[in-house]
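In order, the protein sequences belong to chains E, C and Y.
Residue 740 is where the first sequence ends in the numbering used here, and the numbering goes up by one at each step.
Residue 296 is where the second sequence ends in the numbering used here, and the numbering goes up by one at each step.
Residue 574 is where the third sequence ends in the numbering used here, and the numbering goes up by one at each step.
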Amino acid sequence: MIGANGAGKSTLLRTLAGLHQPAAGSIHFAGREITHLPTHARVALGIALVPEGRRLFPSLTLEENLLVGARRSSAWTVSRVMELFPWMGARRRQLTLNLSGGEQQGVAIGRALMAGPRVLLLDELSLGLAPAAVRRIYDLLPSLLAEGMAILLVEQDVTQALRVSDLAHCLLEGRITLSGRPRDLSPEQVEAAYFGLAARA
Amino acid sequence: MAWLNAVVQGILLGGLYALFACGLSLLFGVMRVVNLAHGDFAVLAAYLGLAVITGLHVPLLWSTLAVAPLFAVVGYLVQRLIIQRSLEVSPLTTLLVTFGLSVVLQNAMLEGFSANSHSLPSGWLAAGSFRLTPQLSIGHFSLIVFAAAVVVIVSLQLFLSRARLGRQIRATADDAEAASIAGTDVRHVFGIAAAIAFATVALAGLAFGGYSSFDPGAGTQRLIFAFEAVVIGGVGSLWGTLLGGVVLGVSQALGAQVDSGFGVLAGHLVFLAVLAIRPRGLLPGRVT
Amino acid sequence: MSVRVTRSRRPATWSGLASALVFVALLSLPYLVFANVTSLLVNLFILLVLATMWNLLAGYAGLVSVGQQAYLGLGAYTVLVLAQNGVNPFLAIPVAIAFCAVAALPISLLVFRLRNEYFAIGTWVVAEAFQLITVRFPQLGGGTGASLPGLGGFDPALRQAFTYWAALAVLAATLLAAYLLLRSRLGLDLTAIRDDEVGARSVGVQPARAKRIVYLIAAAGAGGAGALIIISQLNVQAASVFSVQWSAYMIFVAVIGGVGTDPGHDPLLQPPAVAGGARRLVPDHRRDGRGAGGDVRAAGPLGRDQRPLRPAPVSDRLLAAPTRLIAGGPAGPPASTRALNCRISTKTGCLQRCKWHELDKTPPVNVHCAGRSWG
Numbered sequence: 540m541i542g543a544n545g546a547g548k549s550t551l552l553r554t555l556a557g558l559h560q561p562a563a564g565s566i567h568f569a570g571r572e573i574t575h576l577p578t579h580a581r582v583a584l585g586i587a588l589v590p591e592g593r594r595l596f597p598s599l600t601l602e603e604n605l606l607v608g609a610r611r612s613s614a615w616t617v618s619r620v621m622e623l624f625p626w627m628g629a630r631r632r633q634l635t636l637n638l639s640g641g642e643q644q645g646v647a648i649g650r651a652l653m654a655g656p657r658v659l660l661l662d663e664l665s666l667g668l669a670p671a672a673v674r675r676i677y678d679l680l681p682s683l684l685a686e687g688m689a690i691l692l693v694e695q696d697v698t699q700a701l702r703v704s705d706l707a708h709c710l711l712e713g714r715i716t717l718s719g720r721p722r723d724l725s726p727e728q729v730e731a732a733y734f735g736l737a738a739r740a
Numbered sequence: 009m010a011w012l013n014a015v016v017q018g019i020l021l022g023g024l025y026a027l028f029a030c031g032l033s034l035l036f037g038v039m040r041v042v043n044l045a046h047g048d049f050a051v052l053a054a055y056l057g058l059a060v061i062t063g064l065h066v067p068l069l070w071s072t073l074a075v076a077p078l079f080a081v082v083g084y085l086v087q088r089l090i091i092q093r094s095l096e097v098s099p100l101t102t103l104l105v106t107f108g109l110s111v112v113l114q115n116a117m118l119e120g121f122s123a124n125s126h127s128l129p130s131g132w133l134a135a136g137s138f139r140l141t142p143q144l145s146i147g148h149f150s151l152i153v154f155a156a157a158v159v160v161i162v163s164l165q166l167f168l169s170r171a172r173l174g175r176q177i178r179a180t181a182d183d184a185e186a187a188s189i190a191g192t193d194v195r196h197v198f199g200i201a202a203a204i205a206f207a208t209v210a211l212a213g214l215a216f217g218g219y220s221s222f223d224p225g226a227g228t229q230r231l232i233f234a235f236e237a238v239v240i241g242g243v244g245s246l247w248g249t250l251l252g253g254v255v256l257g258v259s260q261a262l263g264a265q266v267d268s269g270f271g272v273l274a275g276h277l278v279f280l281a282v283l284a285i286r287p288r289g290l291l292p293g294r295v296t
Numbered sequence: 200m201s202v203r204v205t206r207s208r209r210p211a212t213w214s215g216l217a218s219a220l221v222f223v224a225l226l227s228l229p230y231l232v233f234a235n236v237t238s239l240l241v242n243l244f245i246l247l248v249l250a251t252m253w254n255l256l257a258g259y260a261g262l263v264s265v266g267q268q269a270y271l272g273l274g275a276y277t278v279l280v281l282a283q284n285g286v287n288p289f290l291a292i293p294v295a296i297a298f299c300a301v302a303a304l305p306i307s308l309l310v311f312r313l314r315n316e317y318f319a320i321g322t323w324v325v326a327e328a329f330q331l332i333t334v335r336f337p338q339l340g341g342g343t344g345a346s347l348p349g350l351g352g353f354d355p356a357l358r359q360a361f362t363y364w365a366a367l368a369v370l371a372a373t374l375l376a377a378y379l380l381l382r383s384r385l386g387l388d389l390t391a392i393r394d395d396e397v398g399a400r401s402v403g404v405q406p407a408r409a410k411r412i413v414y415l416i417a418a419a420g421a422g423g424a425g426a427l428i429i430i431s432q433l434n435v436q437a438a439s440v441f442s443v444q445w446s447a448y449m450i451f452v453a454v455i456g457g458v459g460t461d462p463g464h465d466p467l468l469q470p471p472a473v474a475g476g477a478r479r480l481v482p483d484h485r486r487d488g489r490g491a492g493g494d495v496r497a498a499g500p501l502g503r504d505q506r507p508l509r510p511a512p513v514s515d516r517l518l519a520a521p522t523r524l525i526a527g528g529p530a531g532p533p534a535s536t537r538a539l540n541c542r543i544s545t546k547t548g549c550l551q552r553c554k555w556h557e558l559d560k561t562p563p564v565n566v567h568c569a570g571r572s573w574g
């Protein structure tokens, strides 16, 4: 899901996660209507959000941050998350405040994974991260997809997003202006949809 | 020797204040709610304790087994049905709602129990004491209350740091929305925190009833003492709360030693002095 | 470049005119109605002063205080001390107001260290400390309270009229101050702070300074109300005047009126609506008067033993009240066959002692206490 600032990408994700109520319409997940389900119940169904700005718990250690996300039914455990992020092992008792932005993003993803999601909602993964850290995080996505979960990625960084996704939607002022597989979309098409040029012409 | 006695009694009294304060501290730490009806709920617990003790003919200690769980349920319901709704409006509303709750409780107790003061019959506990020297003795009851305060604080601390629910409480205190994203039922967690806080309020109320006589208006001052203990000790630290309670208790006992009418005022003055010199309290903790 | 910001619209001018008319009407009330009505209004005015100030404090400056009774008591005791030293209590009112504003400055340095909810209880502790300090001075009456000297020479009816006018003046000053404040630069600053404190700071607003000014003004207002309380009930008791119950009343009145609403179009200004609310709120301090003894229960609206007032014909009231005022001396019975006349007694526990004057019967028959006001 790509789109300019204020296109409504984060709002869409937050609505899917249950943090906002939709003004109209309904949300269905795995054949079930979940429009009025509270956030935590959606997590139990398998919808996990990695929020913009990571939103870790500052007074909890790294491991505790992961454990808050844990569910009994989930196949993910702290040790499995730590296999994915090997650096975590040595720093499990540290407060997340002292971690770098990329590391914090890793913890946020790990916390969402602990719930054993069927769909992972990733909001602005690259925001505020160094390019190297962005690359490391994005290199992770294929292995998550290989686990069988779906990922809905919201990203302002179009190149990065198109590189990893199977299906791209461009959002403009709350409406989808362009959809398609990234390889079928020309840069001009994307640019027009992104900035709303087509509408103006 | 009289001064030493005052210090010892003050420390023990501090245990009672700490017991009062940890519920307040917990609710504020988790939900940012200062429950202005805190003291009134404690007085209500004392009245319930009185009903249990006289109705079932059980000693004071056993009455806690009935009153504390009942209060946990009351706390959960008050949180889910009253405070939660106000939290979703604004912090000002919450303050006003708990203030209104305080007024309602006081008047309801006035109607129900009259303005006469009561005290809880604490039986052998009230009379018994350890006589250390001819001038210095420690009452059984005040020692039990102090021990109860320490036990409550230690177990709260352990619960918050070790238990899954305790971790969820801390996470929710940090960032309620993020906690809900991580699958925590925030309202339920708030309710649990309130239930725990109210159970400690019940203990504090019963201890207070055993210590001294109470009447429907007694809650106001309890709230203020609890609040002072929290601020003196440092917001967000349970051990700080115990220390704050002890400092307050000792200040009051020493003040009363100077002049019998000076005790409570001395406590207030120490509180204001701490506020002026160390506004974050003696043991400022990270927010629980 | 200067930008002119107009915050009053034309309707405000009209409502200003209407307010002035209401003010004049209220001013003439002691000539039209009996003292029992004006003394009820004095209580109402005190509540309105407190509520307006609390609204300013909490609704605009975001300072939720439950300790304004500190200044209420300070104002009352300032009047007491001045009166004990020979100052006319009515002249002591402005002094009490100014003194409270001055005293609020050092207090604000202390309590402003606390944020939000903690500020609320911090201010409360200050009020408690004030009370405990006050009762330590025997010359202030200690815990049992003291009577206000200096008003003995007044005819009771005249004194009640003066009390009423003083209360009206304080109320008018309060409303005017609140109105002007909110239309001043400071009012703009406060609105900006309330909407977005960081944003306000970035355009040069100093939140701490703005809030402190409001705090001082609110303290002054509460001090004025306290001065009115001691003058209207002729005595003061620390446990009562420093009671947190006052905060309950100011909060309730302000909340009924709408917190954060402008006194310019505040429901508080509509007397009929408030009269109902305030009547319910006329404090019954029996349960705070711990020393008073007796049956300590919360009373219903206006006290349980209130007799219905039977108004005399208007023409009689028009004639009688001024005559009473001008004639001086013991109030003569008005021209109706029966009329209710009240005077204030400091001796009995009951503050308002009311007598039915019967034209054909002298001396007057003593009847029930018509609801205790500020006990």
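Cβ coordinates follow ideal geometry from the N, Cα and C atoms, glycine included.
Look at S549(E) here: in three-state DSSP terms it is helix. Chain-ordered listing is empty here: chain C has no CB closer than 7 Å to the CB of L638(E), the nearest sitting near 15 Å. Interface annotation, E185(C): in contact with chain E, CB-CB separation under 8 Å.
Secondary structure remark: continuous beta strand (DSSP E) runs of at least 3 residues inside the segment 112–160 of chain C, in chain order: 137–139, 145–147. The distance from the Cβ of A237(C) to that of G253(C) is about 4 Å, consistent with a contact at the 8 Å cut-off. In the DSSP annotation of this structure, A447(Y) is not part of any beta strand (DSSP E); the continuous alpha helix (DSSP H) holding it starts and ends at 444–456. For H708(E), the enclosing beta strand (DSSP E) stretches over residues 707–711.
The beta-carbon of G608(E) is placed less than 8 Å from the nearest beta-carbon of chain C.
Look at T180(C) here: in three-state DSSP terms it is helix. Annotation for I332(Y): the continuous alpha helix (DSSP H) segment containing it runs 315–333. A check of alpha carbon separations from P99(C) across G261(Y), A291(Y), R312(Y) identifies G261(Y) as the nearest.
The C-beta of H559(E) comes no closer than 8 Å to any C-beta of chain C. For H575(E), there are no C-beta contacts with chain C under 7 Å, since the nearest C-beta of that chain is about 15 Å from it.
Nearest to L357(Y) by alpha-carbon distance, out of G285(Y), I430(Y), N315(Y), is I430(Y).
DSSP lists A345(Y) as the beta-bridge partner residues of V435(Y). Taking a beta-carbon distance threshold of 8 Å, N254(Y) does not count as an interface residue toward chain C. The three-state reading of DSSP puts F233(Y) in coil, since its state is none of H, G, I, E or B. Comparing C-alpha distances from I392(Y) to each of R411(Y), Y378(Y), A295(Y) shows the shortest one belongs to R411(Y). Per the C-alpha coordinates, the member of V294(Y), G342(Y), V443(Y), A417(Y) positioned closest to L255(Y) is A417(Y). Exposure of H575(E) is indicated by the presence of fewer than 16 other C-beta atoms within 10 angstroms of its C-beta. Residue-level contact check: S188(C) touches chain E, since one or more beta carbons of chain E fall below 8 Å from its beta carbon. When DSSP states are grouped into helix, strand and coil, I715(E) belongs to the strand group. Beta bridge pairing from DSSP links A587(E) with L659(E). Under the DSSP assignment, I285(C) falls in the alpha helix (DSSP H) whose first and last residues are 271–285. Straight across, the Cα-Cα distance linking Q260(C) with G227(C) is about 18 Å.
Those residues of the segment 26–57 of chain C placed with their C-beta closer than 8 Å to a C-beta in chain Y are F36, R40, V41, V42, L44, ordered along the chain.
Ranked by Cα distance from G225(C), the options T62(C), G18(C), A116(C) are led by A116(C).
Proximity of S598(E) to chain C, defined by a Cβ-Cβ separation below 8 Å, is satisfied. In summary, the residues of the segment 421–445 of chain Y whose CB is separated from some CB of chain C by less than 7 Å are V443, in the order they occur in the chain. Between the alpha carbons of L280(C) and L666(E) lies a distance of about 45 Å. For L692(E), DSSP records a beta bridge to L661(E). Across the segment 91–104 of chain C, CB contacts with chain Y closer than 7 Å involve P99, L100, L103, L104, in sequence order along the chain. At a C-beta separation below 7 Å, V263(Y) has these neighbours in chain C: L100, L103. For A543(E), there is no enclosing alpha helix (DSSP H), as DSSP marks it with neither H nor E. Using a Cβ-Cβ cut-off of 8 Å, A328(Y) counts as an interface residue toward chain C, since at least one Cβ of chain C sits closer than that to its own. Contact of R631(E) with chain C is not assigned, every C-beta pair being separated by 8 Å or more.
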